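A quick write-up on the structure given underneath.
There are 2 protein chains.
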Amino acid sequence: MKKKILYVEDDSTLAFLTADNLEQQYDVAHFTNGKEAYAAFKKEDFDLCILDVMLPEMDGFELAAAIRERNVEVPIIFLSAKTLKEDRIKGLRLGADDYLVKPYSMEELILKIEVFLQRSQKQAPAKNTLCTIGSYTFDPANYAITRAGQTIQLTERESALLRLFIDNKNTILKREKILNEIWGNDDYFLGRSMDVFISRLRKIFRDDESIRIENIPRIGFKLVAP
Amino acid sequence: MKKKILYVEDDSTLAFLTADNLEQQYDVAHFTNGKEAYAAFKKEDFDLCILDVMLPEMDGFELAAAIRERNVEVPIIFLSAKTLKEDRIKGLRLGADDYLVKPYSMEELILKIEVFLQRSQKQAPAKNTLCTIGSYTFDPANYAITRAGQTIQLTERESALLRLFIDNKNTILKREKILNEIWGNDDYFLGRSMDVFISRLRKIFRDDESIRIENIPRIGFKLVAP
DNA sequence: AACCCATTAACAACTCGTTAACAATACTTT
DNA sequence: AAAGTATTGTTAACGAGTTGTTAATGGGTT
Chain A
1 MKKKILYVED DSTLAFLTAD NLEQQYDVAH FTNGKEAYAA FKKEDFDLCI
51 LDVMLPEMDG FELAAAIRER NVEVPIIFLS AKTLKEDRIK GLRLGADDYL
101 VKPYSMEELI LKIEVFLQRS QKQAPAKNTL CTIGSYTFDP ANYAITRAGQ
151 TIQLTERESA LLRLFIDNKN TILKREKILN EIWGNDDYFL GRSMDVFISR
201 LRKIFRDDES IRIENIPRIG FKLVAP
Chain B
1 MKKKILYVED DSTLAFLTAD NLEQQYDVAH FTNGKEAYAA FKKEDFDLCI
51 LDVMLPEMDG FELAAAIRER NVEVPIIFLS AKTLKEDRIK GLRLGADDYL
101 VKPYSMEELI LKIEVFLQRS QKQAPAKNTL CTIGSYTFDP ANYAITRAGQ
151 TIQLTERESA LLRLFIDNKN TILKREKILN EIWGNDDYFL GRSMDVFISR
201 LRKIFRDDES IRIENIPRIG FKLVAP
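Top line first, the protein sequences correspond to chains A and B. Everything in the first sequence is counted per the UniProt record's numbering, starting at 1 for the first residue and increasing by one. Everything in the second sequence is counted per the UniProt record's numbering, starting at 1 for the first residue and increasing by one.
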């Protein structure tokens with residue numbers, strides 16, 4: 001199964017060359033501007049993003065921020081021209097995992113891609129940092145969620161589900177995907193069980209209006225949060 | 001109180017990115033060469049060091065040796081370029097507490113930092129010093145716990161378990177982890193044995209309401225204490 | 001023998017994920 | 001539109017499995 005890469009680059013000559021090279025090993029979706037790329041990202045999952053910084057309409061930083069909004073995990077590699085000023089590079093902290101200065105060699109790029117793909121494969125299960133969601137703080141290691149000093153203890157399942165939602169904030173999670181990810185498989189009764197859990201999570205967030213779990217009928221759910 | 005990190009990296013672009021990220025959580029002092037960094041280290045204490053291996057004037061290994069000379073405890077994390085030869089990387093393993101191969105992700109770096117900071121925080125008080133918990137004083141060396149002049153003698157196991165809880169106060173300890181840590185392995189009957197010990201500890205703390213050992217069903221226990 | 005302590009046994013109490021049941025909502029067909 | 005069908009929201013009840021607690025057991029030590 002080939003890994004899916006989102007590649008955004010407006011210089012079509014360079015893009016053609018690069019995409020052609022990468023396609024031997026990866027499933028590459030290439031776009032020439034940020035808006036189209038973002039639209040594509042909303043539709044499907046990618047395993048890694050390669051973004052040129054200078055793009056028409058929506059630049060690489062904005063795009064990265066938008067992508068991070070939806071997925072806190074996917075590795076992002078920036079491609080930047082040598083001439084960038086220091087302060088511009090500050091933008092990198094939006095969540096880039098690495099950057100490459102043009103002109104780069106193919107080997108160099110592929111090396112970085114491999115490093116990140118291997119890592120995300122391994123590291124995925126071990127992320128235990130606190131994360132904030134609306135006015136709450138979620139502590140995955142302790143299965144606990146805190147707000148204004150009050151702590152609610154979650155069960156293992158509730159916690160796993162909430163974490164999945166937070167990792168995919170503002171993105172649609174398909175029913176099937178949630179079930180396979182957390183319950184291990186997908187049948188009618190597990191689906192109903194999931195509905196019960198979603199109802200319980202909603203109850204927890206009931207008094208913070210900025211957080212909602214929206215249902216997308218017949219498809220899945222989306223955690224909407226700032 | 002933010003933890004102080006000594007960060008030495010000569011690639012200013014990468015350094016800027018990294019330092020900027022870390023500054024959200026830590027107090028970062030960044031230097032571009034080993035000599036300046038060492039001078040700074042002589043002046044003040046740091047809680048952790050992050051050293052690039054390739055540095056002008058005084059390389060990461062030399063710097064690490066100099067730092068170790070003055071402080072045998074401070075955790076050191078090396079950053080090394082992918083191109084380093086295997087044998088060099090082996091060298092890393094010997095002196096450093098950990099190393100990270102470039103390119104690394106921010107999350108990975110922060111994860112490692114957290115691991116070391118927490119470790120050094122916990123290890124210090126853990127040895128054999130008296131520690132207070134609620135209105136009690138626990139003396140791990142003598143397996144004894146005192147309150148208002150009254151001393152209760154604990155058994156070796158009770159003491160080991162209590163100490164583990166105190167070292168991980170207000171954090172969930174998984175059943176499996178407790179069992180492996182104290183009993184050496186993890187089977188059904190040892191689990192029941194542990195439950196008995198927890199019941200005994202609870203009995204000891206029964207008259208101090210500020211101390212509880214909470215069960216997190218199917219996961220583990222948490223010592224809740226001020 | 002007497003004692004200490006960890007383990008095992010036994011049973012009570014509790015928790016969680018699931019299932020059930022019914023209401024509310026969305027979609028399809030007529 | 002209206003009626004019919006499928007999906008989702010919510011609450012409550014159930015039952016398997018886990019945990020709390022006390023007592024009995026048995027190996028090791030003095």
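Beta carbons: idealized from backbone N, C-alpha and C, even for Gly. As the structure is a computational prediction, the values presented were derived from the model and not from experiment.
Residues of chain B whose Cβ lies closer than 8 angstroms to the Cβ of Ala81(A) do not exist; the shortest such Cβ separation is about 12 angstroms.
Non-local beta-carbon contacts of Ala15(B) in its own chain, meaning distances under 8 angstroms to residues more than five positions away in sequence, involve Tyr7, Glu9, His30, Thr32 in chain order. For Arg157(B), the CB contacts under 8 angstroms within the same chain, skipping 5 residues up- and downstream, are Ile182, Phe197 in chain order.
Here the alpha carbon of Glu214(B) sits roughly 14 angstroms from the alpha carbon of Leu161(B). Given a length threshold of 4 residues, each whole run of the alpha helix (DSSP H) inside the UniProt domain "Response regulatory" (4-117) of chain A is given here in chain order: 12-22, 34-43, 60-70, 86-89. Identification of chain A residues near Thr171(B) by a Cβ-Cβ cut-off of 7 angstroms yields Asn142, ordered along the chain. Within the model, the alpha-carbon separation for Lys3(B) versus Asp59(B) is close to 24 angstroms.
Beta-bridge pairing by DSSP links Tyr136(B) to Ile133(B). If you compare the alpha carbons of Glu62(A), Gly184(A), Met54(A), Leu117(A) with that of Ile5(A), the shortest gap goes to Leu117(A). Between the beta-carbon of Lys112(A) and that of Ala81(A) there is about 17 angstroms, and that puts the pair past the 8 angstroms contact cut.
In this chain, the alpha helix (DSSP H) harbouring Lys203(B) covers 188-204.
Rounded to whole angstroms, the gap between the alpha carbons of Ala148(B) and Tyr136(B) is 8 angstroms.
DSSP places Ile178(A) within a helical segment (H, G or I) once states are collapsed to three.
Ala148(A): not part of any beta strand (DSSP E); DSSP gives it neither H nor E.
The beta carbon of Arg175(B) sits no closer than 8 angstroms to any beta carbon of chain A.
In the three-state reduction of the DSSP assignment, Leu161(A) falls in the helix class. Any Cβ of chain B closer than 8 angstroms to the Cβ of Glu62(A) would place that residue at the interface, and such an atom is absent. For the UniProt DNA-binding region "OmpR/PhoB-type" (128-225) of chain B, the set of positions with a beta-carbon nearer than 9 angstroms to some beta-carbon of chain A reads Asn170, Thr171, Ile172, Glu214, Ile216, Pro217, Arg218, Ile219, Lys222 in chain order.
For Asn142(A), the secondary structure class from DSSP, reduced to helix, strand or coil, is coil. Where Leu223(B) is concerned, the enclosing beta strand (DSSP E) starts and stops at 220-224. According to the DSSP assignment, Glu214(A) belongs to the beta strand (DSSP E) that extends over 212-216.
Here Lys169(A) has Leu223, Ala225 as same chain residues with Cβ atoms under 6 angstroms from its own Cβ, once five neighbours each way along the sequence are excluded. Beta-bridge pairing by DSSP links Ile152(A) to Ile145(A).
Looking only at Met194(B), Thr155(B), Phe189(B), Gln153(B), the smallest Cα-Cα distance to Leu173(B) is reached by Met194(B). Each residue's CA atom was taken as its position, placing Asp139(B) and Cys131(B) some 7 angstroms apart.
Between Gly34(B) and Glu69(B), the beta carbon gap of about 13 angstroms keeps them out of contact (Cβ cut-off 8 angstroms). Taking a C-beta distance under 8 angstroms as the contact criterion, Leu17(A) and Val53(A) do not qualify as a contact pair. Taking C-beta separations shorter than 8 angstroms and ignoring five residues to either side along the sequence, the partners of Gln153(A) in its chain run Tyr143, Ala144, following chain order. The beta carbon of Gln150(B) sits closer than 8 angstroms to none of the beta carbons in its chain outside the five residues before and after it.
Contact between Ile77(B) and Leu55(B) is absent: CB atoms are separated by about 14 angstroms, not below the 8 angstroms threshold.
The distance from the Cβ of Ile133(A) to that of Ile166(A) is about 6 angstroms, consistent with a contact at the 8 angstroms cut-off.
If you ignore the 5 residues before and after Asp208(A), its C-beta comes within less than 6 angstroms of the C-beta of Gly134, Ser135, all in its own chain and listed in chain order. Ser159(B) and Pro75(B) have their alpha carbons spaced roughly 29 angstroms apart.
Going by C-alpha positions, Arg218(A) is about 22 angstroms away from Asn71(A).
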